[in-house]
Amino acid sequence: EEGISGVELILCKLHAGGKFSNKNYAFSGGLHGVGISVVNALSTRVEVTIRRDSNVYQIAFENGDKVEELQVIDTCGKRNTGTRVHFWPDPQYFDSAKFSVSRLIHNLRAKAVLSPGLRIRFDNKITKESQEWYYEDGLKDYLYQAVEAFETLPSDTPFVGTFSGNTEAADWAVMWLPEGGDLVTESYVNLIPTAQGGTHVNGLRQGLLESMREFCEFRNLMPRGVKLSPDDIWDRCAYILSTKMQDPQFAGQTKERLSSRQASAFVSGIVKDAFSLWLNQHTEIAEALAEMCINNAQRRLRQTKKVARKKVTQGPALPGKLTDCSSQDITYSELFLVEGDSAGGSAKQARDREFQAIMPLRGKILNSWEVDSSQVLASQEIHDISVALGIDPDSSDLSGLRYGKICILADADSDGLHIATLLCALFVRHFRTLVDQGHVYVAMPPLFRIDVGKEVYYALDEGEKQGILDRIEAEKKRGKVNVQRFKGLGEMNPLQLRETTMDPNTRRLVQLTIEDAEEMMELMDMLLAKKRSGDRKTWLESKGNMAEVALVG
(Lines of atoms letter the chains of each structure in order from A and count residues from 1; the text may use other names and numbers.)
(Lines give C-alpha, C1' and ligand atoms only; values in the text may rest on other atoms or scores of the structure.)
Protein backbone atom coordinates (compact mmCIF):
# COMPACT_ATOMS: atom_id res chain seq x y z
CA GLU A 1 0.00 0.00 0.00
CA GLU A 2 2.84 2.39 0.85
CA GLY A 3 5.17 1.03 -1.84
CA ILE A 4 7.99 0.34 0.66
CA SER A 5 9.01 -2.61 2.85
CA GLY A 6 7.32 -3.12 6.21
CA VAL A 7 10.58 -2.67 8.15
CA GLU A 8 11.23 0.69 6.48
CA LEU A 9 7.64 1.77 7.11
CA ILE A 10 7.68 1.14 10.86
CA LEU A 11 11.10 2.78 11.33
CA CYS A 12 10.31 5.88 9.31
CA LYS A 13 6.59 6.55 9.81
CA LEU A 14 4.88 7.35 13.13
CA HIS A 15 1.88 5.26 14.24
CA ALA A 16 2.65 2.52 11.70
CA GLY A 17 2.91 -0.23 14.33
CA GLY A 18 0.59 -3.23 14.28
CA LYS A 19 -0.93 -2.27 17.65
CA PHE A 20 -3.22 0.22 15.93
CA SER A 21 -5.29 -2.63 14.53
CA ASN A 22 -6.72 -5.35 16.76
CA LYS A 23 -6.36 -7.71 13.81
CA ASN A 24 -2.59 -7.83 14.41
CA TYR A 25 -2.35 -7.87 18.21
CA ALA A 26 -5.10 -8.65 20.71
CA PHE A 27 -3.18 -6.64 23.33
CA SER A 28 -0.18 -4.30 23.14
CA GLY A 29 1.87 -2.39 25.68
CA GLY A 30 2.66 0.66 23.57
CA LEU A 31 1.07 3.96 24.49
CA HIS A 32 1.75 6.16 21.46
CA GLY A 33 2.88 3.88 18.62
CA VAL A 34 6.07 5.85 18.00
CA GLY A 35 8.68 3.72 19.83
CA ILE A 36 10.86 2.25 17.08
CA SER A 37 10.42 5.36 14.89
CA VAL A 38 11.76 7.57 17.71
CA VAL A 39 14.68 5.19 18.29
CA ASN A 40 15.56 5.60 14.62
CA ALA A 41 15.23 9.40 14.73
CA LEU A 42 17.42 9.76 17.86
CA SER A 43 20.20 7.39 16.76
CA THR A 44 23.29 8.09 14.67
CA ARG A 45 22.86 4.65 13.08
CA VAL A 46 20.34 1.80 13.14
CA GLU A 47 20.90 -1.63 11.57
CA VAL A 48 18.06 -4.13 11.27
CA THR A 49 18.79 -7.76 10.44
CA ILE A 50 15.87 -10.09 9.61
CA ARG A 51 15.96 -13.88 9.27
CA ARG A 52 12.97 -15.06 7.26
CA ASP A 53 12.16 -17.57 4.50
CA SER A 54 15.71 -19.04 4.62
CA ASN A 55 17.24 -15.64 3.84
CA VAL A 56 19.07 -13.04 5.96
CA TYR A 57 18.01 -9.46 5.11
CA GLN A 58 19.57 -6.20 6.26
CA ILE A 59 18.66 -2.51 6.06
CA ALA A 60 20.44 0.50 7.65
CA PHE A 61 19.55 4.06 8.65
CA GLU A 62 21.57 7.07 9.80
CA ASN A 63 20.02 10.00 11.68
CA GLY A 64 16.58 8.73 10.72
CA ASP A 65 17.24 8.42 6.98
CA LYS A 66 17.70 5.19 5.04
CA VAL A 67 21.28 4.76 3.86
CA GLU A 68 21.25 1.10 2.80
CA GLU A 69 18.38 -0.57 0.93
CA LEU A 70 16.80 -3.77 2.21
CA GLN A 71 18.89 -6.56 0.67
CA VAL A 72 19.70 -10.24 1.10
CA ILE A 73 23.15 -10.63 2.68
CA ASP A 74 23.15 -14.36 3.51
CA THR A 75 21.08 -17.54 3.80
CA CYS A 76 19.93 -19.47 6.88
CA GLY A 77 17.87 -22.48 7.92
CA LYS A 78 14.12 -22.29 7.32
CA ARG A 79 13.33 -22.45 11.06
CA ASN A 80 16.00 -19.88 11.90
CA THR A 81 13.81 -16.78 12.09
CA GLY A 82 13.81 -13.49 14.01
CA THR A 83 14.77 -9.83 13.96
CA ARG A 84 17.76 -8.01 15.47
CA VAL A 85 17.85 -4.24 15.89
CA HIS A 86 21.25 -2.64 16.55
CA PHE A 87 21.25 1.10 17.29
CA TRP A 88 23.72 3.77 18.39
CA PRO A 89 21.99 6.55 20.46
CA ASP A 90 22.93 10.10 19.45
CA PRO A 91 24.48 11.74 22.59
CA GLN A 92 23.23 15.21 21.63
CA TYR A 93 19.65 14.22 22.49
CA PHE A 94 20.32 12.73 25.92
CA ASP A 95 21.69 13.90 29.26
CA SER A 96 23.50 10.58 29.31
CA ALA A 97 23.77 7.98 26.57
CA LYS A 98 24.16 5.24 29.19
CA PHE A 99 21.35 2.73 29.65
CA SER A 100 19.73 2.04 33.01
CA VAL A 101 20.89 -1.57 33.28
CA SER A 102 18.76 -2.28 36.37
CA ARG A 103 15.60 -1.08 34.63
CA LEU A 104 16.46 -3.01 31.47
CA ILE A 105 17.00 -6.20 33.51
CA HIS A 106 13.70 -5.64 35.33
CA ASN A 107 11.83 -5.33 32.03
CA LEU A 108 13.50 -8.34 30.44
CA ARG A 109 12.84 -10.52 33.47
CA ALA A 110 9.21 -9.38 33.45
CA LYS A 111 8.81 -10.58 29.87
CA ALA A 112 10.10 -14.02 30.89
CA VAL A 113 7.89 -14.19 33.99
CA LEU A 114 4.79 -13.25 32.02
CA SER A 115 5.52 -15.52 29.06
CA PRO A 116 5.83 -19.10 30.43
CA GLY A 117 8.36 -21.16 28.48
CA LEU A 118 10.07 -18.12 26.93
CA ARG A 119 13.86 -17.97 27.41
CA ILE A 120 15.43 -14.50 27.55
CA ARG A 121 19.15 -13.76 27.81
CA PHE A 122 20.86 -10.44 28.56
CA ASP A 123 24.52 -10.12 27.56
CA ASN A 124 26.35 -7.08 28.95
CA LYS A 125 29.38 -6.74 26.68
CA ILE A 126 30.87 -3.99 28.86
CA THR A 127 31.00 -5.99 32.09
CA LYS A 128 31.14 -9.37 30.27
CA GLU A 129 28.25 -10.54 32.44
CA SER A 130 25.32 -12.58 31.20
CA GLN A 131 21.91 -13.32 32.72
CA GLU A 132 19.18 -15.67 31.57
CA TRP A 133 15.55 -16.07 32.66
CA TYR A 134 13.22 -18.99 32.07
CA TYR A 135 10.05 -19.78 34.01
CA GLU A 136 8.23 -22.90 32.92
CA ASP A 137 5.15 -22.08 35.01
CA GLY A 138 5.47 -18.31 34.76
CA LEU A 139 3.99 -16.36 37.65
CA LYS A 140 3.66 -19.33 39.99
CA ASP A 141 7.32 -20.34 39.65
CA TYR A 142 8.60 -16.80 40.00
CA LEU A 143 6.57 -15.89 43.08
CA TYR A 144 7.38 -19.14 44.90
CA GLN A 145 11.12 -18.77 44.18
CA ALA A 146 11.03 -15.17 45.44
CA VAL A 147 9.46 -15.97 48.85
CA GLU A 148 10.48 -19.59 49.51
CA ALA A 149 12.97 -18.46 52.21
CA PHE A 150 10.05 -17.25 54.39
CA GLU A 151 7.08 -18.89 56.05
CA THR A 152 4.19 -18.66 53.61
CA LEU A 153 0.46 -19.25 53.31
CA PRO A 154 -0.18 -21.40 51.32
CA SER A 155 3.02 -23.24 52.22
CA ASP A 156 3.92 -24.67 48.81
CA THR A 157 1.77 -23.52 45.88
CA PRO A 158 0.47 -19.94 45.49
CA PHE A 159 -3.17 -19.11 44.86
CA VAL A 160 -3.09 -18.71 41.08
CA GLY A 161 -5.74 -17.90 38.52
CA THR A 162 -6.23 -16.99 34.90
CA PHE A 163 -9.06 -15.53 32.86
CA SER A 164 -9.22 -14.63 29.19
CA GLY A 165 -12.11 -12.75 27.59
CA ASN A 166 -12.59 -11.08 24.23
CA THR A 167 -11.13 -7.72 25.26
CA GLU A 168 -9.56 -8.38 28.69
CA ALA A 169 -7.42 -11.04 30.36
CA ALA A 170 -5.74 -11.51 33.72
CA ASP A 171 -3.29 -13.88 35.42
CA TRP A 172 -2.20 -13.75 39.04
CA ALA A 173 -0.29 -15.55 41.78
CA VAL A 174 -0.75 -14.66 45.47
CA MET A 175 0.85 -15.79 48.75
CA TRP A 176 0.93 -14.38 52.28
CA LEU A 177 3.94 -14.09 54.62
CA PRO A 178 2.38 -14.30 58.12
CA GLU A 179 5.73 -13.89 59.92
CA GLY A 180 6.92 -11.12 57.62
CA GLY A 181 9.66 -11.01 55.00
CA ASP A 182 10.53 -9.30 51.71
CA LEU A 183 7.22 -8.91 49.91
CA VAL A 184 7.09 -9.25 46.13
CA THR A 185 4.42 -6.85 44.86
CA GLU A 186 4.59 -6.62 41.08
CA SER A 187 1.92 -5.74 38.56
CA TYR A 188 1.90 -5.54 34.78
CA VAL A 189 -0.36 -4.39 31.96
CA ASN A 190 0.24 -5.94 28.53
CA LEU A 191 3.69 -7.05 29.82
CA ILE A 192 4.56 -3.45 30.85
CA PRO A 193 5.59 -3.16 34.55
CA THR A 194 3.35 -0.80 36.55
CA ALA A 195 5.59 0.03 39.50
CA GLN A 196 2.97 2.29 41.11
CA GLY A 197 0.11 -0.19 40.69
CA GLY A 198 -3.18 1.31 39.65
CA THR A 199 -6.77 0.28 39.07
CA HIS A 200 -5.93 -3.38 38.30
CA VAL A 201 -4.14 -3.75 41.66
CA ASN A 202 -7.11 -2.07 43.40
CA GLY A 203 -9.31 -4.71 41.79
CA LEU A 204 -7.10 -7.56 43.01
CA ARG A 205 -7.21 -6.24 46.58
CA GLN A 206 -10.98 -5.74 46.46
CA GLY A 207 -11.63 -9.22 45.02
CA LEU A 208 -9.52 -10.89 47.74
CA LEU A 209 -11.25 -8.85 50.46
CA GLU A 210 -14.81 -9.58 49.32
CA SER A 211 -14.12 -13.32 49.09
CA MET A 212 -12.53 -13.44 52.54
CA ARG A 213 -15.37 -11.46 54.11
CA GLU A 214 -17.94 -13.87 52.62
CA PHE A 215 -15.92 -16.89 53.78
CA CYS A 216 -15.67 -15.55 57.35
CA GLU A 217 -19.35 -14.62 57.50
CA PHE A 218 -20.55 -17.95 56.09
CA ARG A 219 -18.48 -19.88 58.64
CA ASN A 220 -19.29 -17.49 61.54
CA LEU A 221 -15.61 -16.73 62.12
CA MET A 222 -15.96 -12.98 62.68
CA PRO A 223 -15.94 -11.77 66.32
CA ARG A 224 -18.69 -9.35 67.22
CA GLY A 225 -17.97 -5.75 66.26
CA VAL A 226 -15.06 -6.61 63.94
CA LYS A 227 -15.09 -5.78 60.23
CA LEU A 228 -12.35 -6.65 57.78
CA SER A 229 -10.81 -3.70 55.93
CA PRO A 230 -8.66 -3.90 52.77
CA ASP A 231 -5.45 -3.50 54.79
CA ASP A 232 -6.33 -6.52 56.94
CA ILE A 233 -5.94 -8.90 54.00
CA TRP A 234 -3.41 -6.81 52.05
CA ASP A 235 -0.92 -6.74 54.92
CA ARG A 236 1.94 -9.20 54.21
CA CYS A 237 0.41 -10.14 50.83
CA ALA A 238 2.90 -11.00 48.06
CA TYR A 239 1.50 -11.02 44.55
CA ILE A 240 2.23 -10.96 40.84
CA LEU A 241 -0.62 -9.59 38.73
CA SER A 242 -0.63 -9.48 34.94
CA THR A 243 -3.57 -7.97 33.07
CA LYS A 244 -4.09 -7.55 29.36
CA MET A 245 -6.53 -5.11 27.85
CA GLN A 246 -7.12 -3.06 24.74
CA ASP A 247 -6.23 0.64 24.84
CA PRO A 248 -4.89 0.79 28.42
CA GLN A 249 -4.80 4.27 29.96
CA PHE A 250 -1.89 5.28 32.21
CA ALA A 251 -1.30 8.12 34.65
CA GLY A 252 1.71 10.22 33.67
CA GLN A 253 4.17 9.67 30.83
CA THR A 254 6.15 6.78 32.29
CA LYS A 255 3.23 4.31 32.32
CA GLU A 256 3.94 3.27 35.91
CA ARG A 257 0.31 3.48 37.12
CA LEU A 258 -2.75 2.11 35.30
CA SER A 259 -5.74 4.47 35.31
CA SER A 260 -8.22 2.54 33.12
CA ARG A 261 -11.44 2.61 35.12
CA GLN A 262 -12.86 -0.68 33.84
CA ALA A 263 -9.80 -2.63 35.04
CA SER A 264 -10.81 -2.43 38.71
CA ALA A 265 -14.27 -3.95 38.23
CA PHE A 266 -12.96 -6.56 35.80
CA VAL A 267 -10.13 -7.81 38.03
CA SER A 268 -12.12 -7.67 41.29
CA GLY A 269 -14.96 -9.69 39.76
CA ILE A 270 -12.87 -12.54 38.40
CA VAL A 271 -10.56 -12.68 41.43
CA LYS A 272 -13.52 -12.76 43.83
CA ASP A 273 -15.11 -15.70 42.00
CA ALA A 274 -11.83 -17.64 41.78
CA PHE A 275 -10.71 -16.92 45.37
CA SER A 276 -14.12 -17.85 46.81
CA LEU A 277 -13.89 -21.23 45.09
CA TRP A 278 -10.26 -21.69 46.20
CA LEU A 279 -11.06 -20.86 49.86
CA ASN A 280 -13.80 -23.48 49.98
CA GLN A 281 -11.57 -26.08 48.33
CA HIS A 282 -8.64 -25.42 50.74
CA THR A 283 -10.50 -24.90 54.02
CA GLU A 284 -7.55 -25.55 56.35
CA ILE A 285 -5.37 -22.93 54.66
CA ALA A 286 -8.39 -20.63 54.31
CA GLU A 287 -9.11 -20.72 58.04
CA ALA A 288 -5.46 -19.91 58.79
CA LEU A 289 -5.68 -16.95 56.42
CA ALA A 290 -8.94 -15.86 58.03
CA GLU A 291 -7.33 -15.98 61.48
CA MET A 292 -4.46 -13.81 60.24
CA CYS A 293 -6.90 -11.25 58.76
CA ILE A 294 -9.07 -11.18 61.91
CA ASN A 295 -5.98 -10.67 64.10
CA ASN A 296 -4.97 -7.75 61.88
CA ALA A 297 -8.45 -6.23 62.21
CA GLN A 298 -8.50 -6.62 66.01
CA ARG A 299 -5.04 -5.06 66.31
CA ARG A 300 -6.20 -2.12 64.20
CA LEU A 301 -9.30 -1.63 66.35
CA ARG A 302 -7.27 -1.71 69.58
CA GLN A 303 -4.96 1.01 68.27
CA THR A 304 -7.94 3.14 67.24
CA LYS A 305 -9.66 2.90 70.63
CA LYS A 306 -6.56 4.14 72.46
CA VAL A 307 -7.37 7.70 71.46
CA ALA A 308 -10.61 9.53 72.37
CA ARG A 309 -11.99 12.37 70.28
CA LYS A 310 -10.67 15.81 71.38
CA LYS A 311 -13.15 18.35 72.71
CA VAL A 312 -12.99 21.73 71.04
CA THR A 313 -11.90 23.96 73.92
CA GLN A 314 -10.66 26.99 72.03
CA GLY A 315 -11.03 28.75 68.73
CA PRO A 316 -14.30 29.19 66.81
CA ALA A 317 -17.19 26.84 67.43
CA LEU A 318 -17.64 24.06 64.88
CA PRO A 319 -20.20 24.78 62.14
CA GLY A 320 -23.72 23.74 63.14
CA LYS A 321 -24.27 21.76 59.93
CA LEU A 322 -21.18 19.60 60.63
CA THR A 323 -22.12 16.13 61.87
CA ASP A 324 -18.89 15.11 63.59
CA CYS A 325 -17.42 11.65 64.26
CA SER A 326 -16.22 10.33 67.61
CA SER A 327 -12.68 9.23 66.71
CA GLN A 328 -9.83 11.69 67.14
CA ASP A 329 -7.25 9.57 65.34
CA ILE A 330 -6.53 11.48 62.12
CA THR A 331 -5.04 8.38 60.51
CA TYR A 332 -8.56 6.96 60.76
CA SER A 333 -11.06 9.88 60.70
CA GLU A 334 -12.69 11.21 57.51
CA LEU A 335 -14.67 14.32 56.57
CA PHE A 336 -17.10 14.12 53.64
CA LEU A 337 -17.95 17.42 51.94
CA VAL A 338 -21.33 16.52 50.42
CA GLU A 339 -23.22 18.32 47.67
CA GLY A 340 -26.69 19.35 48.87
CA ASP A 341 -28.75 18.79 52.02
CA SER A 342 -30.70 15.80 50.64
CA ALA A 343 -27.55 13.84 49.82
CA GLY A 344 -26.10 15.05 53.13
CA GLY A 345 -29.07 13.50 54.94
CA SER A 346 -28.52 10.15 53.22
CA ALA A 347 -24.77 10.37 53.93
CA LYS A 348 -25.43 10.94 57.64
CA GLN A 349 -27.44 7.71 57.74
CA ALA A 350 -24.89 5.82 55.64
CA ARG A 351 -21.77 6.87 57.54
CA ASP A 352 -19.88 5.05 60.27
CA ARG A 353 -20.30 7.39 63.26
CA GLU A 354 -17.00 6.23 64.73
CA PHE A 355 -14.75 7.81 62.10
CA GLN A 356 -16.83 9.53 59.38
CA ALA A 357 -18.01 13.15 59.66
CA ILE A 358 -20.46 14.77 57.23
CA MET A 359 -20.67 18.41 56.16
CA PRO A 360 -23.35 19.31 53.57
CA LEU A 361 -22.63 22.21 51.22
CA ARG A 362 -25.43 24.41 49.95
CA GLY A 363 -25.03 24.84 46.21
CA LYS A 364 -21.82 25.79 44.45
CA ILE A 365 -19.10 27.34 46.58
CA LEU A 366 -17.24 30.50 45.59
CA ASN A 367 -14.77 30.22 42.71
CA SER A 368 -11.77 31.07 44.89
CA TRP A 369 -9.06 30.70 42.23
CA GLU A 370 -8.39 34.45 41.95
CA VAL A 371 -9.27 35.35 45.56
CA ASP A 372 -6.43 36.14 47.95
CA SER A 373 -6.05 33.67 50.82
CA SER A 374 -6.43 36.52 53.31
CA GLN A 375 -9.87 37.32 51.84
CA VAL A 376 -11.22 33.86 51.05
CA LEU A 377 -12.79 33.38 54.51
CA ALA A 378 -15.32 36.10 53.65
CA SER A 379 -17.24 33.25 51.98
CA GLN A 380 -19.33 31.57 54.70
CA GLU A 381 -19.09 28.12 53.09
CA ILE A 382 -15.28 28.32 52.85
CA HIS A 383 -15.09 29.72 56.39
CA ASP A 384 -17.09 26.72 57.66
CA ILE A 385 -14.87 24.28 55.76
CA SER A 386 -11.74 25.89 57.24
CA VAL A 387 -13.13 25.73 60.79
CA ALA A 388 -14.22 22.10 60.37
CA LEU A 389 -10.74 21.15 59.12
CA GLY A 390 -8.96 23.06 61.86
CA ILE A 391 -6.63 24.62 59.27
CA ASP A 392 -6.30 28.23 58.10
CA PRO A 393 -5.98 29.04 54.38
CA ASP A 394 -2.42 29.25 53.03
CA SER A 395 -1.03 27.67 56.21
CA SER A 396 1.62 24.95 56.23
CA ASP A 397 0.91 24.11 59.89
CA LEU A 398 -1.25 20.98 60.02
CA SER A 399 -1.00 20.45 63.78
CA GLY A 400 -4.66 21.39 64.18
CA LEU A 401 -5.91 19.10 61.40
CA ARG A 402 -8.99 17.20 62.59
CA TYR A 403 -9.37 14.61 59.80
CA GLY A 404 -6.88 12.44 57.94
CA LYS A 405 -9.02 12.21 54.81
CA ILE A 406 -11.05 15.06 53.32
CA CYS A 407 -13.40 13.49 50.77
CA ILE A 408 -15.24 15.50 48.11
CA LEU A 409 -18.58 13.80 47.41
CA ALA A 410 -20.65 15.21 44.54
CA ASP A 411 -23.01 13.91 41.87
CA ALA A 412 -21.51 12.37 38.74
CA ASP A 413 -23.40 14.85 36.50
CA SER A 414 -22.08 18.15 35.08
CA ASP A 415 -23.22 20.23 38.09
CA GLY A 416 -21.61 17.79 40.49
CA LEU A 417 -18.36 17.78 38.53
CA HIS A 418 -18.39 21.60 38.59
CA ILE A 419 -18.76 21.60 42.38
CA ALA A 420 -15.97 19.03 42.69
CA THR A 421 -13.77 21.19 40.43
CA LEU A 422 -14.40 24.30 42.57
CA LEU A 423 -13.51 22.35 45.73
CA CYS A 424 -10.36 20.94 44.12
CA ALA A 425 -9.41 24.49 43.13
CA LEU A 426 -10.00 25.66 46.72
CA PHE A 427 -7.65 23.02 48.14
CA VAL A 428 -4.99 23.42 45.45
CA ARG A 429 -4.93 27.24 45.74
CA HIS A 430 -5.57 27.86 49.46
CA PHE A 431 -4.91 24.56 51.29
CA ARG A 432 -1.98 23.31 49.19
CA THR A 433 -0.22 21.58 52.10
CA LEU A 434 -3.24 19.29 52.55
CA VAL A 435 -2.93 18.25 48.89
CA ASP A 436 0.86 17.84 48.97
CA GLN A 437 0.65 15.61 52.06
CA GLY A 438 -2.08 13.41 50.55
CA HIS A 439 -5.11 14.34 52.67
CA VAL A 440 -7.59 15.31 49.91
CA TYR A 441 -9.66 12.75 48.00
CA VAL A 442 -12.54 12.71 45.52
CA ALA A 443 -15.22 10.05 46.01
CA MET A 444 -16.36 8.25 42.86
CA PRO A 445 -20.09 7.50 43.04
CA PRO A 446 -21.29 5.09 40.35
CA LEU A 447 -23.53 6.07 37.48
CA PHE A 448 -25.02 2.60 36.98
CA ARG A 449 -26.29 -0.34 38.99
CA ILE A 450 -26.39 -3.68 37.16
CA ASP A 451 -28.45 -6.57 38.52
CA VAL A 452 -28.17 -10.12 37.19
CA GLY A 453 -29.93 -12.80 39.20
CA LYS A 454 -29.00 -12.13 42.84
CA GLU A 455 -25.70 -10.43 41.98
CA VAL A 456 -25.27 -6.64 41.96
CA TYR A 457 -22.54 -4.65 40.21
CA TYR A 458 -21.87 -0.91 40.17
CA ALA A 459 -20.26 0.90 37.22
CA LEU A 460 -18.53 4.25 37.28
CA ASP A 461 -19.28 5.17 33.68
CA GLU A 462 -20.36 3.82 30.28
CA GLY A 463 -17.02 2.11 29.64
CA GLU A 464 -17.05 0.25 32.94
CA LYS A 465 -20.72 -0.67 32.47
CA GLN A 466 -19.92 -2.24 29.11
CA GLY A 467 -16.96 -4.13 30.61
CA ILE A 468 -19.24 -5.62 33.29
CA LEU A 469 -21.90 -6.55 30.72
CA ASP A 470 -19.22 -8.22 28.56
CA ARG A 471 -17.99 -10.23 31.55
CA ILE A 472 -21.54 -11.27 32.47
CA GLU A 473 -21.99 -12.51 28.88
CA ALA A 474 -18.57 -14.24 28.83
CA GLU A 475 -19.25 -16.03 32.13
CA LYS A 476 -22.80 -16.93 30.97
CA LYS A 477 -24.35 -15.81 34.26
CA ARG A 478 -27.99 -16.83 34.67
CA GLY A 479 -30.76 -14.33 35.21
CA LYS A 480 -32.20 -11.23 33.59
CA VAL A 481 -29.80 -8.30 33.32
CA ASN A 482 -31.24 -5.00 34.56
CA VAL A 483 -29.34 -1.71 34.27
CA GLN A 484 -30.32 1.31 36.42
CA ARG A 485 -28.82 4.79 35.95
CA PHE A 486 -28.48 6.97 39.05
CA LYS A 487 -29.38 10.63 38.48
CA GLY A 488 -27.67 11.80 41.67
CA LEU A 489 -26.56 10.95 45.20
CA GLY A 490 -30.00 11.88 46.56
CA GLU A 491 -31.51 9.08 44.48
CA MET A 492 -29.53 6.43 46.38
CA ASN A 493 -30.85 5.06 49.64
CA PRO A 494 -28.40 5.12 52.60
CA LEU A 495 -27.50 1.44 52.16
CA GLN A 496 -26.56 1.95 48.50
CA LEU A 497 -24.66 5.15 49.28
CA ARG A 498 -22.68 3.39 52.00
CA GLU A 499 -21.85 0.37 49.84
CA THR A 500 -20.80 2.36 46.76
CA THR A 501 -19.25 5.52 48.14
CA MET A 502 -18.56 5.47 51.91
CA ASP A 503 -17.68 1.96 53.07
CA PRO A 504 -13.85 1.66 52.98
CA ASN A 505 -14.25 -1.97 51.95
CA THR A 506 -16.25 -1.30 48.79
CA ARG A 507 -15.97 2.39 47.85
CA ARG A 508 -13.63 4.06 45.40
CA LEU A 509 -11.65 7.13 46.42
CA VAL A 510 -9.26 9.03 44.16
CA GLN A 511 -6.41 10.88 45.84
CA LEU A 512 -5.89 14.44 44.63
CA THR A 513 -2.23 14.59 43.59
CA ILE A 514 -0.08 17.00 41.59
CA GLU A 515 2.39 15.51 39.09
CA ASP A 516 3.52 18.65 37.24
CA ALA A 517 2.75 21.72 39.37
CA GLU A 518 3.48 24.27 36.64
CA GLU A 519 1.34 22.48 34.04
CA MET A 520 -1.48 21.96 36.55
CA MET A 521 -1.51 25.64 37.63
CA GLU A 522 -1.62 26.79 34.01
CA LEU A 523 -4.51 24.44 33.19
CA MET A 524 -6.51 25.40 36.30
CA ASP A 525 -5.89 29.09 35.59
CA MET A 526 -7.18 28.67 32.04
CA LEU A 527 -10.29 26.84 33.29
CA LEU A 528 -11.16 29.06 36.26
CA ALA A 529 -9.66 32.56 35.90
CA LYS A 530 -12.15 35.24 34.82
CA LYS A 531 -9.42 37.03 32.87
CA ARG A 532 -8.84 33.88 30.76
CA SER A 533 -12.34 33.68 29.22
CA GLY A 534 -10.90 34.12 25.72
CA ASP A 535 -8.45 31.24 26.23
CA ARG A 536 -11.29 29.12 27.62
CA LYS A 537 -13.45 29.77 24.57
CA THR A 538 -10.61 28.86 22.20
CA TRP A 539 -9.89 25.67 24.18
CA LEU A 540 -13.55 24.64 24.22
CA GLU A 541 -13.90 25.23 20.49
CA SER A 542 -10.82 23.16 19.66
CA LYS A 543 -10.72 20.49 22.37
CA GLY A 544 -13.88 20.69 24.44
CA ASN A 545 -15.47 17.68 22.77
CA MET A 546 -12.38 15.56 23.46
CA ALA A 547 -11.76 16.56 27.07
CA GLU A 548 -12.17 13.95 29.77
CA VAL A 549 -11.25 14.20 33.42
CA ALA A 550 -9.03 11.20 34.20
CA LEU A 551 -9.24 10.12 37.86
CA VAL A 552 -7.12 7.25 39.22
CA GLY A 553 -8.18 5.04 42.06
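The numbering of the sequence shown is this note's numbering, which starts it at 99 and goes up by one.
Backbone N, C-alpha and C fix where the C-beta goes; we use that ideal spot for every residue, glycine too.
Distance CB(residue i)-CB(residue j) smaller than 9 angstroms
| i | j | result |
| --- | --- | --- |
| Ser-340 | Leu-520 | no |
| Phe-364 | Gly-236 | no |
| Leu-507 | Ala-455 | no |
| Trp-332 | Leu-307 | yes |
| Leu-275 | Thr-255 | no |
| Glu-553 | Lys-585 | no |
| Pro-291 | Ala-372 | no |
| Val-146 | Trp-186 | no |
| Arg-527 | Ser-471 | yes |
| Cys-174 | Met-273 | no |
| Glu-160 | Thr-142 | yes |
| Tyr-337 | Glu-284 | yes |
| Thr-260 | Met-343 | no |
| Ile-203 | Ala-268 | no |
| Leu-626 | Trp-376 | no |
| Gln-294 | Ala-349 | yes |
| Lys-563 | His-516 | no |
Euclidean distance between Cα positions of residue i and residue j
| i | j | result |
| --- | --- | --- |
| Ala-124 | Gly-104 | The predicted model places Ala-124 with a pLDDT of 48, which falls under 50 and marks its position as unreliable, so this point remains unresolved. |
| Ala-510 | Leu-545 | 7 angstroms |
| Leu-313 | Met-320 | Residue identity differs from the one stated: residue 313 is Phe in this sequence, not Leu. Going by the C-alpha atoms only, they are around 10 angstroms apart. |
| Asp-221 | Ser-357 | 34 angstroms |
| Leu-558 | Ser-362 | 10 angstroms |
| Ser-477 | Leu-464 | 7 angstroms |
| Ser-444 | Phe-248 | 47 angstroms |
| Arg-606 | Gly-632 | 36 angstroms |
| Gln-347 | Glu-560 | 16 angstroms |
| Lys-111 | Ser-135 | 6 angstroms |
| Leu-475 | Lys-446 | 26 angstroms |
| Ser-494 | Met-624 | 26 angstroms |
| Glu-437 | Gly-536 | 22 angstroms |
| Phe-257 | Gln-243 | 14 angstroms |
| Pro-458 | Leu-326 | 28 angstroms |
| Gly-162 | Ser-198 | 23 angstroms |
| Leu-168 | Gly-514 | 58 angstroms |
| Pro-592 | Phe-525 | 28 angstroms |
| Leu-496 | Asn-205 | 41 angstroms |
Unbroken alpha helix (DSSP H) run spanning residue i, endpoints
| i | result |
| --- | --- |
| Pro-592 | 592 to 595 |
| Tyr-191 | Tyr-191 -> no alpha helix (DSSP H), and no H or E assigned at all. |
| Tyr-233 | It is not in any alpha helix (DSSP H) - Tyr-233 carries neither H nor E in the DSSP assignment. |
| Met-320 | Where Met-320 is concerned, there is no enclosing alpha helix (DSSP H), given that its DSSP letter is neither H nor E. |
| Ile-203 | 199 to 212 |
| Asn-378 | 359 to 379 |
| Thr-636 | 631 to 641 |
| Thr-519 | 512 to 528 |
Endpoints, beta strand (DSSP E) assigned at residue i
| i | result |
| --- | --- |
| Ser-141 | 141 to 150 |
| Ile-218 | 217 to 222 |
| Leu-545 | First-last for Leu-545: undefined, no H or E at that position. |
| Gly-104 | That residue, Gly-104, is in no beta strand (DSSP E); its alpha helix (DSSP H) goes 104 to 110. |
| Ile-157 | 153 to 160 |
| Gln-169 | 163 to 173 |
Proximity test, residue i beta-carbon vs the ligand ATP heavy atom, cut-off 8 angstroms
| i | result |
| --- | --- |
| Val-165 | The ligand ATP is absent from the structure shown, which contains no ligands of any kind. |
Problem - In chain order, each alpha helix (DSSP H) run of at least 4 residues that lies wholly inside the stretch 433 to 490 - result: You should have 439 to 448 and 478 to 487.
Practice task
Evaluate contact between the stretch 585 to 603 and the stretch 528 to 547, counting only Cβ atoms and requiring at least three cross-stretch pairs below 8 angstroms.
Solution key: Contact holds: three or more Cβ-Cβ distances are below 8 angstroms.
Exercise for the section: Count the CB pairs spanning the stretch 483 to 503 and the stretch 569 to 587 that are closer than 8 angstroms, and state whether there are at least three. Expected result: Counting C-beta pairs closer than 8 angstroms gives fewer than three between the stretch 483 to 503 and the stretch 569 to 587, which falls short of the contact rule.
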